[in-house]
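*Asks:*
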Amino acid sequence: MCLGIPGKVVELFEVNGMKMAKIDFSGVVKEACMEYLPEIKIGDYTIIHVGFGLSIIDEKEANETMQMLNQIAALGEEG
Amino acid sequence: MKFLEEYRDAELIEKLLKDLEKVITREWTLMEVCGGQTHSIIKSGLDQLLSKKINLVHGPGCPVCVTPLELIDKAIALASRPDVIFTSFGDMLRVPGSKSDLFAVKAKGGDVRIIYSPLDSLKIARENPNKAVVFFGIGFETTAPPNAMAIIQAKSQGINNFAMLVSHVTVPAAIIALMESPDIQVDGFLAAGHVCTVMGYWEYEPLAEKYKVPIVVTGFEPVDIVHGILKCISLLEKGKYIVENAYARSVVREGNIPAQAVIQRVFDICDRPWRGIGVIPQSGYRLRPEFAAYDAELRFPELQKIETKESSLCISGLVLQGRKKPPECQAFGKECTPQTPLGATMVSTEGACSAYYRYGRYINA
Chain V
0 MCLGIPGKVV ELFEVNGMKM AKIDFSGVVK EACMEYLPEI KIGDYTIIHV GFGLSIIDEK
60 EANETMQMLN QIAALGEEG
Chain R
0 MKFLEEYRDA ELIEKLLKDL EKVITREWTL MEVCGGQTHS IIKSGLDQLL SKKINLVHGP
60 GCPVCVTPLE LIDKAIALAS RPDVIFTSFG DMLRVPGSKS DLFAVKAKGG DVRIIYSPLD
120 SLKIARENPN KAVVFFGIGF ETTAPPNAMA IIQAKSQGIN NFAMLVSHVT VPAAIIALME
180 SPDIQVDGFL AAGHVCTVMG YWEYEPLAEK YKVPIVVTGF EPVDIVHGIL KCISLLEKGK
240 YIVENAYARS VVREGNIPAQ AVIQRVFDIC DRPWRGIGVI PQSGYRLRPE FAAYDAELRF
300 PELQKIETKE SSLCISGLVL QGRKKPPECQ AFGKECTPQT PLGATMVSTE GACSAYYRYG
360 RYINA
């Protein structure tokens, strides 16, 4: 239940005063509530939990983490 | 899918594990709090690849597993009523109650519906004005904002035939209960990344300091988990008892402020019993008095008379506290399987027994 799936925002709209989005999960498009992500915009990636976006994936942080992990991995390979 | 494949890179994991072997000098016991992480660890085989110096124990972070038996029985009683449509996340349907489960109720003609989002319950309520629609609102802090939004929307849209059977629990209270228990030895925690997405991680900072345990916010993919373990072991080896974030693409220290505001608007904090563990003080959310009209336990007061009976064989309470691993249970894989579960840990996709059974960890290593 705490698991979430990353997807890309392809459309934003409103239902009953709630901010909603269409989210593309590698070709499967589903609607989700974006009420907790007031700043989200089309093209952002978000993680969806039980039909709600709870975070916008920070691409800069993701890239930095991957770079750091690759550096550690290179150290693991040495000696 | 972007943000998935790169976190399942076997070659990267192998290299990171080699680095871990260089860092680690002694045996350490780490607990991953969240059952979603337990499944990821067992499914990816990390439990078998990791340094033998690391003992991974599995924590209580499976909301389906810790929902008290009394509430499961109340759910079954409600779902059996002809005037009720009972809605739930799918995992709850096979959780054993004292005598039955929600699937059995559905098989006998009860109107039990699996939903994807709590908001789906409101649609069902609008379409069925002559029935009460009761949603099983369970979970940790991750599902609290979605469930709270269903309550707010019910009120603002005037949907009065909607109610929620609430069983919400919180992670920091569980960590306190574990660390206050004299016979539980955990050296470091991997904190649940998506709970922290909502709540941030500032709540854990005083706990790390008080109990002298590093706590590392950790994601769910195999690379994320190895990253969390690496950080946690590095902190332990340096004797540093602080909180670090190994899931920065989703988690910031202060968490999701709008989500926290809605949690606070709809819920207040209460003592709550955890199945197999007992009452943990200040560990749950309940609906605030201004939302009492949506509280299923108040709307159906006859539910208070329910008597419960647990299986005498099941040790899921010990599994949920990391005191035992699933194969140590005499019923594991025998009387208790996913088809005939004695405890909720064998049912849920976040339950440790289910993970061990599904991925073939039958032998007590």
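Chains as they are written, first to last, in numbering that gives the first Met the number 0: chain V, 0 to 78; chain R, 0 to 364.
Cβ atoms here follow ideal geometry from the backbone N, Cα and C, with glycine treated the same way.
So, is Y284 (chain R) buried or exposed, given that buried needs 16 or more other C-beta atoms within 10 angstroms?
*Replies:* Residue numbering aside, residue 284 (chain R) sits at position 285 when the second sequence is read from its first letter. The residue is buried, with at least 16 neighbouring Cβ atoms inside 10 Å.
*Asks:* So what does DSSP say about Q329 (chain R), is it helix, strand or coil?
*Replies:* For the purposes of this step, residue 329 (chain R) is taken as residue 330 along the second sequence, with counting starting at 1. In this structure, Q329 (chain R) counts as coil in the three-state DSSP scheme.
*Asks:* Consider the Cβ of K98 (chain R): report whether some Cβ of chain V lies at a distance smaller than 9 Å.
*Replies:* Locating residue 98 (chain R) in the second sequence gives position 99, where the first residue counts as 1. Cβ-Cβ to chain V under 9 Å: no for K98 (chain R).
*Asks:* Expressed to the nearest angstrom, what Euclidean distance is found between the alpha-carbon atoms of H48 (chain V) and N146 (chain R)?
*Replies:* To locate residue 48 (chain V), count along the first sequence from 1; it is residue 49. To locate residue 146 (chain R), count along the second sequence from 1; it is residue 147. H48 (chain V) and N146 (chain R): Cα-Cα distance of roughly 11 Å.
*Asks:* Could you tell me whether the segment 212-227 of chain R touches the segment 244-264 of chain R, where touching means 3 or more Cβ pairs closer than 8 Å?
*Replies:* yes
*Asks:* What residues in the segment 49-60 of chain V have a beta carbon less than 8 Å from any beta carbon of chain R?
*Replies:* V49, G50, F51, L53, S54, I56, D57, E58, E60
*Asks:* Assuming T28 (chain R) is part of the beta strand (DSSP E), what are its boundary residues?
*Replies:* Here the question's residue 28 (chain R) lines up with position 29 in the second sequence. Start and end: 27-33.
*Asks:* By the three-class DSSP mapping on this structure, what secondary structure does V63 (chain R) have?
*Replies:* Mapped onto the second sequence, residue 63 (chain R) falls at position 64. Helix.
*Asks:* Taking 9 Å as the threshold (beta carbon to beta carbon), is N54 (chain R) in contact with chain V?
*Replies:* Here residue 54 (chain R) refers to the residue found at position 55 of the second sequence. No, N54 (chain R) lies away from the interface with chain V (no Cβ there is under 9 Å from its Cβ).
*Asks:* Return the chain-ordered list of same chain residues with a C-beta closer than 6 Å to the C-beta of I137 (chain R), the five sequence neighbours on each side being excluded.
*Replies:* Working through the second sequence from its first residue, we reach residue 137 (chain R) at position 138. Within the same chain, I137 (chain R) has close Cβ partners P62, T66, S166.
*Asks:* Can you tell me whether W273 (chain R) is buried or exposed? The criterion is at least 16 other CB atoms within 10 Å of its CB, across all chains shown.
*Replies:* Here residue 273 (chain R) is taken as the residue at index 274 of the second sequence, counted from 1. That one is buried.
*Asks:* Can you pull the chain R neighbours of L11 (chain V), defined as C-beta to C-beta under 7 Å?
*Replies:* Working through the first sequence from its first residue, we reach residue 11 (chain V) at position 12. Chain-ordered listing is empty here: chain R has no CB closer than 7 Å to the CB of L11 (chain V), the nearest sitting near 16 Å.
*Asks:* Is M67 (chain V) buried or exposed, if buried means 16 or more other CB atoms sit within 10 Å of its CB?
*Replies:* Sequence index remark: in the first sequence, residue 67 (chain V) carries index 68 (1-based). When all chains shown are included, M67 (chain V) counts as exposed.
*Asks:* Per DSSP, what kind of secondary structure is L358 (chain R) in: helix, strand or coil?
*Replies:* By 1-based counting over the second sequence, the position of residue 358 (chain R) is 359. For the sequence presented, residue 358 (chain R) should be read as Tyr rather than Leu. If DSSP states are grouped into helix, strand and coil, Y358 (chain R) belongs with coil.
*Asks:* For the segment 228-237 of chain R and the segment 251-268 of chain R, state whether three or more C-beta atom pairs, one from each stretch, are separated by less than 8 Å.
*Replies:* With a cut-off of 8 Å, the segment 251-268 of chain R and the segment 228-237 of chain R do not count as touching, because too few Cβ pairs lie within range.
*Asks:* Starting from the C-beta of V265 (chain R), find all residues in its chain whose C-beta is less than 7 Å away, skip the five residues before and the five after it, and write them out in chain order.
*Replies:* As a first step, residue 265 (chain R) must be located in the second sequence, where it is residue number 266. Cβ neighbours of V265 (chain R) beyond the five flanking positions: A147, I150, I151, L286, R287, F290.
*Asks:* Taking 8 Å as the limit between beta carbons, can you name the residues of its chain near R252 (chain R), skipping five residues before and five after?
*Replies:* Residue numbering aside, residue 252 (chain R) sits at position 253 when the second sequence is read from its first letter. If we look at R252 (chain R) and ignore the five residues flanking it on each side, its Cβ neighbours are G199, Y200, W201, N244.
*Asks:* Check each residue of the segment 114-130 of chain R: if its Cβ is closer than 8 Å to any Cβ of chain V, include it; give the result in chain order.
*Replies:* Y115, S116, P117, L118, D119
*Asks:* Look at the Cβ atom of G342 (chain R), then the Cβ atom of C33 (chain R), and state whether they are nearer than 9 Å.
*Replies:* Reading the second sequence from its first residue, position 343 is the one you call residue 342 (chain R). Reading the second sequence from its first residue, position 34 is the one you call residue 33 (chain R). Against a cut-off of 9 Å, the Cβ pair of C33 (chain R) and G342 (chain R) comes out as no contact.
*Asks:* Go ahead and label N363 (chain R) buried or exposed: buried means 16 or more other beta carbons lie within 10 angstroms of its beta carbon, across all protein chains shown.
*Replies:* Start at 1 with the first residue of the second sequence, and residue 363 (chain R) comes out as number 364. Only weak support is given to the placement of N363 (chain R): the predicted model assigns it a pLDDT of 49, under 50, and the value that follows is read from those uncertain coordinates. Classification of N363 (chain R): exposed, given that the 10 Å Cβ count is below 16.
*Asks:* As a quick exercise: from R:K333, R:Y203, R:I71, R:S249, pick the residue whose alpha carbon is nearest that of D43 (chain V).
*Replies:* Translated into positions along the first sequence, residue 43 (chain V) becomes position 44. Among R:K333, R:Y203, R:I71, R:S249, the Cα nearest to that of D43 (chain V) belongs to R:S249.
*Asks:* H167 (chain R) bridges to which residues according to DSSP?
*Replies:* Here the question's residue 167 (chain R) lines up with position 168 in the second sequence. Partner(s): R:G138, R:Y284.
*Asks:* In three-state terms, what does DSSP make of R93 (chain R)?
*Replies:* In the second sequence, the residue the question calls residue 93 (chain R) occupies position 94. Of the three classes helix, strand and coil, the one that applies to R93 (chain R) here is helix, per DSSP.
*Asks:* Do you know whose CA, among R:L19, R:E20, R:K1, lies nearest G26 (chain V)'s CA?
*Replies:* Start at 1 with the first residue of the first sequence, and residue 26 (chain V) comes out as number 27. Measuring from the Cα of G26 (chain V), the nearest candidate turns out to be R:K1.
*Asks:* Mind listing, in chain order, the continuous beta strand (DSSP E) runs of no fewer than 3 residues lying wholly within the segment 169-233 of chain R?
*Replies:* Within the segment 169-233 of chain R, the complete beta strand (DSSP E) runs of at least 3 residues are 187-191, 214-217.
*Asks:* Got a sec? Which residues, its chain only, sit under 8 Å from I56 (chain V) by beta carbon, not counting five neighbours each side?
*Replies:* Numbered from its first residue, the first sequence carries residue 56 (chain V) at position 57. For I56 (chain V), where only same-chain residues beyond five positions count, the Cβ hits under 8 Å are P5, D43, Y44, T45, I46.
*Asks:* Straight-line CA distance for P128 (chain R) to F299 (chain R)?
*Replies:* Residue mapping note: residue 128 (chain R) aligns to position 129 of the second sequence, counting from 1. Residue mapping note: residue 299 (chain R) aligns to position 300 of the second sequence, counting from 1. Their backbone Cα atoms lie some 17 Å apart in a straight line.
*Asks:* Looking at the strands, I want to know which residues DSSP matches up with G52 (chain V).
*Replies:* By 1-based counting over the first sequence, the position of residue 52 (chain V) is 53. Note: G52 (chain V) sits in a beta bridge opposite V:I47.
*Asks:* In terms of residues, what are the limits of the alpha helix (DSSP H) holding F85 (chain R)?
*Replies:* Taking the first residue of the second sequence as position 1, residue 85 (chain R) is located at position 86. Looking at the DSSP string, F85 (chain R) is not in any alpha helix (DSSP H); the run it does join, the beta strand (DSSP E), is 83-87.
*Asks:* Nearest by alpha-carbon distance to I276 (chain R): which of R:G321, R:C195, R:S43 is it?
*Replies:* Working through the second sequence from its first residue, we reach residue 276 (chain R) at position 277. For I276 (chain R), the closest of R:G321, R:C195, R:S43 by C-alpha to C-alpha distance is R:G321.
*Asks:* Could you say which of R:E301, R:L177, R:K209 lies nearest to L77 (chain R) if we only look at CA atoms?
*Replies:* By 1-based counting over the second sequence, the position of residue 77 (chain R) is 78. L77 (chain R) has its Cα closest to that of R:E301, out of R:E301, R:L177, R:K209.
*Asks:* Could you list which residues in chain V have their beta carbon closer than 8 Å to that of L11 (chain R), in chain order?
*Replies:* Working through the second sequence from its first residue, we reach residue 11 (chain R) at position 12. Here the neighbours are L68, N69, A72.
*Asks:* Could you compute how far the alpha carbon of K42 (chain R) sits from the alpha carbon of E30 (chain V)?
*Replies:* Counting from 1 along the second sequence, the entry for residue 42 (chain R) is found at position 43. Counting from 1 along the first sequence, the entry for residue 30 (chain V) is found at position 31. Their backbone Cα atoms lie some 29 Å apart in a straight line.
*Asks:* In whole angstroms, what separates the C-alpha of A131 (chain R) from that of A153 (chain R)?
*Replies:* What you label residue 131 (chain R) is simply residue 132 of the second sequence in a count that begins at 1. What you label residue 153 (chain R) is simply residue 154 of the second sequence in a count that begins at 1. Here the C-alpha atom of A131 (chain R) lies approximately 13 Å from the C-alpha atom of A153 (chain R).
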